[in-house]
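*Asks:*
Number of protein chains: 2
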Amino acid sequence: MKPLQQITVIGVGLIGGSFAKAVKEKKLAQKVIGFGHNPERIQKAVQLGVIDEGVCDLKAAVENSDLIMLAVPLGSFAQIFKDIKPYVRPDAIITDAGSAKLSVVNSIKDAFGEIPRRFVAGHPIAGKEQSGVEAADSDLFIDHRVILTPTEETDSDALECVETLWRKLGALVEKMSPQFHDEVFAATSHLPHLLAFALVEMLNEHPELGNVFKYTAGGFRDFTRIASSDAVMWRDISVHNHTAIAKWLQEYRDYLDEMIKLIEKQDAAALHELFLAAKTARDTHIVARTDAQ
Amino acid sequence: MKPLQQITVIGVGLIGGSFAKAVKEKKLAQKVIGFGHNPERIQKAVQLGVIDEGVCDLKAAVENSDLIMLAVPLGSFAQIFKDIKPYVRPDAIITDAGSAKLSVVNSIKDAFGEIPRRFVAGHPIAGKEQSGVEAADSDLFIDHRVILTPTEETDSDALECVETLWRKLGALVEKMSPQFHDEVFAATSHLPHLLAFALVEMLNEHPELGNVFKYTAGGFRDFTRIASSDAVMWRDISVHNHTAIAKWLQEYRDYLDEMIKLIEKQDAAALHELFLAAKTARDTHIVARTDAQ
Numbered sequence: 001m002k003p004l005q006q007i008t009v010i011g012v013g014l015i016g017g018s019f020a021k022a023v024k025e026k027k028l029a030q031k032v033i034g035f036g037h038n039p040e041r042i043q044k045a046v047q048l049g050v051i052d053e054g055v056c057d058l059k060a061a062v063e064n065s066d067l068i069m070l071a072v073p074l075g076s077f078a079q080i081f082k083d084i085k086p087y088v089r090p091d092a093i094i095t096d097a098g099s100a101k102l103s104v105v106n107s108i109k110d111a112f113g114e115i116p117r118r119f120v121a122g123h124p125i126a127g128k129e130q131s132g133v134e135a136a137d138s139d140l141f142i143d144h145r146v147i148l149t150p151t152e153e154t155d156s157d158a159l160e161c162v163e164t165l166w167r168k169l170g171a172l173v174e175k176m177s178p179q180f181h182d183e184v185f186a187a188t189s190h191l192p193h194l195l196a197f198a199l200v201e202m203l204n205e206h207p208e209l210g211n212v213f214k215y216t217a218g219g220f221r222d223f224t225r226i227a228s229s230d231a232v233m234w235r236d237i238s239v240h241n242h243t244a245i246a247k248w249l250q251e252y253r254d255y256l257d258e259m260i261k262l263i264e265k266q267d268a269a270a271l272h273e274l275f276l277a278a279k280t281a282r283d284t285h286i287v288a289r290t291d292a293q
Numbered sequence: 294m295k296p297l298q299q300i301t302v303i304g305v306g307l308i309g310g311s312f313a314k315a316v317k318e319k320k321l322a323q324k325v326i327g328f329g330h331n332p333e334r335i336q337k338a339v340q341l342g343v344i345d346e347g348v349c350d351l352k353a354a355v356e357n358s359d360l361i362m363l364a365v366p367l368g369s370f371a372q373i374f375k376d377i378k379p380y381v382r383p384d385a386i387i388t389d390a391g392s393a394k395l396s397v398v399n400s401i402k403d404a405f406g407e408i409p410r411r412f413v414a415g416h417p418i419a420g421k422e423q424s425g426v427e428a429a430d431s432d433l434f435i436d437h438r439v440i441l442t443p444t445e446e447t448d449s450d451a452l453e454c455v456e457t458l459w460r461k462l463g464a465l466v467e468k469m470s471p472q473f474h475d476e477v478f479a480a481t482s483h484l485p486h487l488l489a490f491a492l493v494e495m496l497n498e499h500p501e502l503g504n505v506f507k508y509t510a511g512g513f514r515d516f517t518r519i520a521s522s523d524a525v526m527w528r529d530i531s532v533h534n535h536t537a538i539a540k541w542l543q544e545y546r547d548y549l550d551e552m553i554k555l556i557e558k559q560d561a562a563a564l565h566e567l568f569l570a571a572k573t574a575r576d577t578h579i580v581a582r583t584d585a586q
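Those sequence lines, one after another, are chains S and L.
According to the numbering used here, the first sequence is numbered sequentially starting from 1.
According to the numbering used here, the second sequence is numbered sequentially starting from 294.
1) Please go through the segment 189–270 of chain S and give each complete alpha helix (DSSP H) segment of 4 or more residues, from N-terminal end onward.
2) Between A585 of chain L and T224 of chain S, what straight-line distance do the alpha-carbon atoms span, to the nearest angstrom?
3) Output yes or no for whether 9 Å exceeds the beta carbon distance between V9 of chain S and V32 of chain S.
4) Over the uninterrupted beta strand (DSSP E) stretch that includes L363 of chain L, give me the two end residues.
5) Between P500 of chain L and chain S, is the shortest Cβ-Cβ distance under 9 Å, so that the two count as touching?
6) Starting from the Cα of I387 of chain L, find the closest Cα among L:D432, L:F490, L:A451 and give me that residue.
7) From F405 of chain L to F412 of chain L, what does the alpha carbon distance come to, in whole angstroms?
8) Could you compute how far the alpha carbon of N534 of chain L sits from the alpha carbon of G75 of chain S?
9) Does the beta-carbon distance from M259 of chain S to L274 of chain S come in below 9 Å?
10) Quick one: what's got a C-beta closer than 8 Å to S424 of chain L's C-beta in the same chain, skipping five residues either side?
11) Quick one: which chain S residues come within Cβ less than 7 Å of A429 of chain L?
12) Mapping the DSSP letters down to three states, classify T284 of chain S as helix, strand or coil.
13) What residues from chain L crowd round D257 of chain S, counting only those whose CB sits closer than 7 Å?
14) Is S228 of chain S close to the ligand GDP? I mean its beta-carbon at under 8 Å from any heavy atom of the ligand.
15) What is the rounded straight-line gap between the Cα of T481 of chain L and the Cα of K572 of chain L?
16) Does any C-beta atom of chain L lie closer than 9 Å to the C-beta of A231 of chain S?
17) Which whole runs of the beta strand (DSSP E) in the segment 314–343 of chain L are 3 residues long or more, in chain order?
18) If you pair each beta-carbon of the segment 455–464 of chain L with each one of the segment 326–339 of chain L, do three or more pairs fall below 8 Å?
19) Does I579 of chain L pass the burial test, meaning 16 or more other C-beta atoms within 10 Å, or should it be called exposed?
20) Taking the DSSP output, what are the residues bridged to D389 of chain L?
21) Within 10 Å of its beta-carbon, does R89 of chain S have 16 or more other beta-carbons around it, so buried, or fewer, so exposed?
22) Confirm, please, whether the CB-CB distance from T149 of chain S to V105 of chain S is below 9 Å.
23) Within its chain, find whatever has a CB closer than 6 Å to the CB of K175 of chain S; leave out the 5 residues flanking it on each side and keep chain order.
24) Kindly say whether K507 of chain L, judged by its beta-carbon, lies nearer than 9 Å to any beta-carbon of chain S.
25) Let me check understanding here. Comparing Cα to Cα, which of L:F490, L:D576, L:L462 lies closest to N204 of chain S?
26) Rounded to the nearest angstrom, what separates A510 of chain L and N357 of chain L at their Cα positions?
27) Taking C-beta to C-beta, are R20 of chain S and V50 of chain S nearer than 9 Å?
28) Tell me which residues of the segment 157–179 of chain S have at least one Cβ-Cβ distance to chain L shorter than 9 Å, keeping chain order.
29) Counting only runs of 3+ residues fully inside the segment 429–491 of chain L, write out the beta strand (DSSP E) ranges in chain order.
30) Quick one: grab the DSSP three-state call for I80 of chain S.
31) According to DSSP, is V133 of chain S helix, strand or coil?
32) In this structure, how does DSSP classify V381 of chain L when only helix, strand and coil are distinguished?
33) Which two residues bound the contiguous alpha helix (DSSP H) that contains I401 of chain L?
34) For E494 of chain L, does the count of other Cβ atoms within 10 angstroms reach 16, so buried, or fall short, so exposed?
35) Are the beta-carbon atoms of L256 of chain S and A227 of chain S separated by less than 9 Å?
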């Protein structure tokens, strides 16, 4: 990987801030610039040592950078791509941390007239409940997967550069198509988030039950933890990955219909088989892996 | 509360074992007997100091006891009620720790020919991922709710005795009807368990996705933690609370249908409103409470 002179991070929240801080700490670029609309927030990021310099002007933010990382809600991508297009150096790499990939690829294609060869779409599978630059953590990506979704247009040098950068931050990089990414994360991430939001909101002040949350225990708390996630972020994900999400919600809903039939029939054997298969799968693939970490 | 000479716990697993151990430690009875079918397991409970004496004979277990606690899977209640009926002293209190209450009340009514006046149905809202007597923990019930579901038949002395006993173990006792209990826990506990089992099993070796669990992170792990619960216990709960569970699964499934429409229409405003309402409710009722504990 060619040494990077300057990296710009657009959106210095939890993910952008953690990326910037890790790049700085590992000295993977001579200078890390952060862009944000709010001067106070961006100065806060400088004070916290997350970025070297903070700017509120997109031209100044990107015109001298070798690599530009977008870490903003998906709803902001289209406008930012349009705004930076005149100023990005032709050899600069553009990458991102958005949770849906096909919509990001389509956004940059719309803004640039084609998919830039040096655009490498990415998605780090990391996070925590806290948000904002104060929660930035340079160890956030260690042993976490980062999915890169190159297209036929993607330049192999640019892809290698982004891949190397993530590996140096401790991440496990994997490549797949934007389409497959969106299916996988609709099923494994977007679907459970929507299911948790739905359960909490359905029970919230339910006319038959009153304040029923007081009867909940640890199981409910863990099940619904992701329903405390940022509403704007999930609005954007739902809209930008709507096709895959609707498909998996529909499949899940059909699955529930089958389950309702088993419950109504009191089919103990079939229910036991289903629960045991789920428990075995989880104990094998989720618990075992967690214990190993 | 009249001092208790002898308590019998039928089923010395996590809940029964924790109850027995706590009663012993707090000296709330002169003798705590444990009943189990497996001689080795029940001797293990004696060795661990969970019970004073272990027996595998139901007559010997119950004939001299002031209070009998059933802490077995719901599927075993009907048989145990029939088996103990000839030996239970007329003044003995019978209580239980089952997760569904109407089916337990109906079971004892079937076995005894009427609901015994000294039967007090109960449900401690406590647990942990580990099961078995080795996980017994005398602090398990501290600051946890215990729901008692007396009926019109229930003797007020017996109710007070069971209530006092749980309070002395540190629990927060609340009373409601068996019907309302079953609705509340179908909605807040049984429903999320079934939703978690369903998601894991739907995704397990899904033909479109392969081993997709490797792409999951902390959100999925927490959401599905309850899918690692005991399959027999959840088979029994599903069957014994089938009416209320089917009703709430159906309501949730209808709620998902509405959500699918919003996703398909890409109705950003309505989705944001839903997510924010859920997040606010959870942050208010679940997170705040947890922080306070």
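Where a beta carbon is used, it is the ideal one built from N, C-alpha and C, also for glycine.
Because the structure is a prediction, the values reported are computed rather than measured.
*Replies:* If we stick to the structure as given:
1) If one requires a minimum length of 4 residues, the alpha helix (DSSP H) runs lying completely within the segment 189–270 of chain S are 191–203, 218–223, 231–240, 242–264, in chain order.
2) The predicted position of A585 of chain L is uncertain, since its pLDDT is 41 and thus under 50; a value taken from the coordinates is nonetheless stated next. In a straight line, the C-alpha of A585 of chain L is about 18 Å away from that of T224 of chain S.
3) Yes, the pair counts as a contact, with Cβ atoms nearer than the cut-off.
4) For L363 of chain L, the enclosing beta strand (DSSP E) stretches over residues 360–363.
5) It does not: the Cβ of P500 of chain L has no partner Cβ on chain S nearer than 9 Å.
6) Each of L:D432, L:F490, L:A451 was checked against the Cα of I387 of chain L, and the nearest Cα belongs to L:A451.
7) Here the alpha carbons of F412 of chain L and F405 of chain L stand approximately 11 Å from one another.
8) Approximately 44 Å between the Cα atoms of the pair.
9) In this structure, L274 of chain S lies closer than 9 Å to M259 of chain S by Cβ.
10) Contacts found: G306, L307, D523.
11) In chain order: nothing, as chain S lies at least about 17 Å away.
12) In this structure, T284 of chain S counts as helix in the three-state DSSP scheme.
13) The contacting residues are R546.
14) Of ligands this structure carries none, so the ligand GDP is not represented either.
15) Cα to Cα, the separation comes out at about 16 Å.
16) So yes, A231 of chain S belongs to the interface.
17) DSSP runs (the beta strand (DSSP E)) wholly in the segment 314–343 of chain L: 322–328.
18) Taking a cut-off of 8 Å for Cβ pairs, the segment 455–464 of chain L and the segment 326–339 of chain L do not touch, as fewer than three such pairs fall below it.
19) Buried, since its Cβ has 16 or more Cβ neighbours within 10 Å.
20) Per DSSP, the beta bridge partners of D389 of chain L are L:L363.
21) Exposed, by the Cβ-count rule.
22) Closer than 9 Å, so yes.
23) L148, listed in sequence order.
24) Under the Cβ criterion of 9 Å, K507 of chain L is counted among the residues facing chain S.
25) With distances taken between Cα atoms, N204 of chain S lies closest to L:D576.
26) The alpha-carbon atoms of A510 of chain L and N357 of chain L are separated by roughly 53 Å.
27) Per the sequence presented here, residue 20 of chain S reads as Ala, with Arg not at that position. In contact: A20 of chain S and V50 of chain S (Cβ atoms closer than 9 Å).
28) Taking 9 Å as the Cβ-Cβ cut-off against chain L, the residues of the segment 157–179 of chain S that qualify are E174.
29) Every unbroken stretch of the beta strand (DSSP E) spanning 3 or more residues and falling wholly within the segment 429–491 of chain L is given here in chain order: 438–441, 465–468.
30) Here I80 of chain S carries a helix assignment [DSSP, helix/strand/coil].
31) In the structure shown, V133 of chain S falls within a helical segment according to DSSP collapsed to helix, strand and coil.
32) Note: V381 of chain L maps to coil in three-state DSSP.
33) Segment 395–405, the alpha helix (DSSP H) holding I401 of chain L.
34) When all chains shown are included, E494 of chain L counts as buried.
35) Contact flag unset, no.
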